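Engineer: Here it is, the structure, as structure tokens.
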Amino acid sequence: MRIGVVVDNEYFNDIRVLNETRFLSESGFQVSVLCLSFENRKLPQKVGKINVEHFTLSKSMKNKLYGLMTICPVYEWIWAQKISDFIKNCKPDVLHVHDLYMSRAAHLAIQNTKLPMILDLHENYPAAVMTYNWAIKFPQKFFIQPWKWKKKEGKYLSFAASLIVLSEHYKESLLAQYQGLQSEKIFVFPNVPNVPELLEFPINKDILNISEEFVIFYFGGISERRGIFTCFEALKILRKEKYPIRLLLIGPVDKIDMRQFSEYLNNVEIKSAITHFPWKDISLLPSYISCSNLCISPILKNPQHESGVANKVFQYMLFSKPILVSNCIPQVKIVDDGQCGLVFESDNPKNLAEKVKLFYNNPELCKKFGENGREAVLNEYNLKNFGKKLIDTYTNIK
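Here this note's numbering is used: the first residue of the sequence shown is 5, the next is one more, and so on.
What follows is the structure, encoded as structure tokens:
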């Protein structure tokens with residue numbers, strides 16, 4: 005079977021797309037990818053057996069066109085033409101399209117064909133866009149009109165022959181909202197890791213050069229909606245009570261939240277207890293996880309964050325670290341099923357601090373949670389296991 009994959013990102017910038025396409029290719033499918041190149045540079049046209057077609061669009065232009073989709077669908081028209089050309093070139097049997105907002109562009113490209121579309125939902129997009137400060141603040145909200153995406157969702161979902169979602173909870177939520185959806189046409193594929201690839205990276209136990217501190221590690225994008233400011237407020241409580249806690253953050257800061265982030269970073273109460281790196285190569289992630297005592301996913305509880313579990317949570321677990329997560333339903337399920345950590349109340353720094361104290365005062369519990377988490381990833385939450393279910397998506401498509 006020939007699969008055409010469409011993603012409005014650079015191919016190597018999306019770990020979910022990389023994991024899925026590589027697994028499908030290694031499973032015998034012929035995979036071709038249509039994606040963006042944000043710079044006019046030479047990028048590989050072949051990755052293993054995967055064909056990769058790029059078209060150049062600056063990141064700033066992409067963001068502008070993407071942001072204005074609700075009032076001016078130029079971005080959809082551009083993609084519809086590119087997808088149409090892509091189909092003529094690679095002649096796929098199935099089109100695998102990533103993200104809700106790309107559904108109509110793909111539909112326009114295939115509406116006069118019999119080509120089925122699989123729509124891969126990386127998030128609850130209508131809910132997500134309503135949490136983005138760049139979309140909901142004045143005056144840009146009047147141009148972006150993020151509230152319109154909820155009205156579009158049902159129609160955009162209907163264009164697909166099958167859906168791929170991040171969690172059972174999100175699947176049940178969609179089925180409850182849209183009677184036209186069929187359970188057997190919705191497949192769950194979480195953001196599970198490619199275990200052998202991650203385990204190949206060497207571990208440098210001296211990478212932090214920090215001693216006699218309890219290190220809490222967060223990896224990923226940094227913003228208010230991801231709960232990082234809740235962590236800062238909890239850190240104030242812990243430092244005031246003389247707990248030797250260090251908060252290690254690796255990831256870029258959302259531009260719109262940069263001012264508030266900088267204020268926390270320079271706060272006299274906690275600035276000496278924060279280490280922030282805007283970026284580190286993924287090959288160093290196992291080292292930073294291994295040098296930490298506790299790993300955290302503090303995302304704020306909302307419909308978007310209840311659509312699935314981030315890559316980072318499974319990566320933390322793989323390297324035998326206990327996890328502390330906010331009470332978003334899919335995260336709670338991972339912790340409860342795997343007995344691999346604790347849950348705190350979203351946006352509640354006092355409760356977060358209390359849970360950190362439990363970890364700090366119970367090293368044996370930390371060790372047990374870490375062992376359980378690693379076992380859960382090795383046995384269940386991995387690409388090899390869920391990849392079989394991904395293949396079912398194709399074998400069952402009609």
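Beta carbons are placed, not taken as given, at the ideal position from N, Cα and C, and that holds for glycine. These numbers come from a predicted model, not from an experiment.
The beta strand (DSSP E) with His100 in it runs from where to where?
Structural biologist: 98 to 102
Engineer: Count the other CB atoms, across all protein chains shown, that sit within 10 Å of the CB of Ser64; report buried if there are 16 or more and exposed otherwise.
Structural biologist: exposed
Engineer: Give the range of the alpha helix (DSSP H) segment to which Met262 is assigned.
Structural biologist: 262 to 269
Engineer: What residue from Thr60, Thr25, Glu172 has the CA that sits closest to His100's CA?
Structural biologist: Minimum Cα distance to His100 is reached at Thr25.
Engineer: Please name the residue, chosen from Ile220, Ser266, Leu322, that lies closest to Leu242 on a Cα-to-Cα basis.
Structural biologist: Ile220
Engineer: In the DSSP output, what is Leu298 paired with across the bridge?
Structural biologist: DSSP, once it has assigned bridges, lists Ile220 as partnering Leu298.
Engineer: Short of 8 Å in beta carbon distance, which residues of its chain neighbour Gln264, apart from the five on each side in sequence? Order them along the chain.
Structural biologist: Glu228, Phe233
Engineer: For the alpha helix (DSSP H) holding Arg250, just list the boundary residues, first then last.
Structural biologist: Premise fails: Arg250 lies in the beta strand (DSSP E), 249 to 254, not in any alpha helix (DSSP H).
Engineer: Is there contact here, the stretch 350 to 359 with the stretch 384 to 400, by at least three beta-carbon pairs under 8 Å?
Structural biologist: no
Engineer: Would you mind sorting Asn195 into buried or exposed? The rule is 16 or more other CB atoms within 10 Å of its CB.
Structural biologist: Buried: at least 16 other Cβ atoms inside 10 Å.
Engineer: Within 10 angstroms of the Cβ of Asp261, are there 16 or more other Cβ atoms? Answer buried if so, exposed if not.
Structural biologist: buried
Engineer: Using the Cα positions of Tyr79 and Tyr70, report the straight-line distance between them to the nearest angstrom.
Structural biologist: 6 Å
Engineer: Of the residues His309, Asn213, Val329, which one's Cα is nearest the Cα of Thr279?
Structural biologist: Asn213
Engineer: Within its chain, find whatever has a CB closer than 7 Å to the CB of Asn208; leave out the 5 residues flanking it on each side and keep chain order.
Structural biologist: Excluding sequence positions up to five before and after Asn208, its CB lies within less than 7 Å of the CB of Ser291, all in the same chain and listed in chain order.
Engineer: Is Ile122 close to the ligand MG? I mean its beta-carbon at under 7 Å from any heavy atom of the ligand.
Structural biologist: This structure simply doesn't include the ligand MG, nor any ligand for that matter.
Engineer: Can you check which of these residues, Pro334, Val347, Leu61, is closest to Ser171 by C-alpha distance?
Structural biologist: Pro334
Engineer: Using only the alpha-carbon positions, how far apart do Leu202 and Ser287 sit?
Structural biologist: Inter-residue distance for Leu202 and Ser287 is about 8 Å (C-alpha atoms, whole angstroms).
Engineer: Leaving out five residues on either side along the sequence, give the residues of the same chain with a beta carbon under 6 Å from the beta carbon of Lys337.
Structural biologist: none
Engineer: Which stretch, first to last residue, makes up the alpha helix (DSSP H) that contains Arg20?
Structural biologist: Here the alpha helix (DSSP H) through Arg20 covers 19 to 30.
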